[in-house]
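Engineer: Structure in structure tokens, see below.
Residue numbers (our numbering): 6 to 177.
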């Protein structure tokens, strides 16, 4: 599993760390460029120099956080045998715990609109193969709904228990 270690003393590193924190807990539209640069202690010019726009910065941190999520989910699935959905269940729970613990609810609780493909769906499609691709889309939607329930005030334990009840039997 790859760990992510930005150079936090650089302007780009400080912007990235700040964006991860702010976009992780606040919707994209609620985070302003002014808040980002002020919290990162950089200029607006630094944001535009390194990322072209607020959306560019958001996309950069979204992809990075998503990659960290998928690394953990793939690792969890690999440790389980694919019997009765245990690999899938393990991946979903490890991913859920990671997203909630790291406060990445806003970043990971929504479908990525700026990407051609959804990396979470791609992973779930591999884990549920040979089931129809729509199965992966439905599971991804349920996983994101679980993340959003925590954002709405449900306890992590209750939502995790509900997520653990998902049982997908994959048959050819």
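Where is the CB? At the ideal position from N, CA and C, for every residue including glycine.
Does DSSP put residue 69 in a helix, in a strand, or in coil?
Structural biologist: In this structure, residue 69 counts as helix in the three-state DSSP scheme.
Engineer: Rounded to whole angstroms, what is the Cα-Cα separation between residue 92 and residue 49?
Structural biologist: If you take the alpha carbons of residue 92 and residue 49, they lie about 45 Å apart.
Engineer: What did DSSP end up calling residue 45 once you bin it into helix, strand or coil?
Structural biologist: Helix, per DSSP.
Engineer: Who are the Cβ neighbours of residue 33 in its own chain at under 7 Å, not counting the five residues just before and after it?
Structural biologist: Excluding positions up to five away in sequence, the list reads 63.
Engineer: If you pair each beta-carbon of the stretch 94 to 106 with each one of the stretch 41 to 60, do three or more pairs fall below 8 Å?
Structural biologist: They do not touch, by the three-pair rule.
Engineer: In chain order, what residues of the same chain have a beta carbon less than 6 Å from the beta carbon of residue 171, not counting five sequence neighbours either side?
Structural biologist: Around residue 171: no qualifying Cβ.
Engineer: Below 8 Å between beta carbons: does that hold for residue 136 and residue 126?
Structural biologist: Their beta carbons are not under 8 Å apart, which means residue 136 does not touch residue 126 by this criterion.
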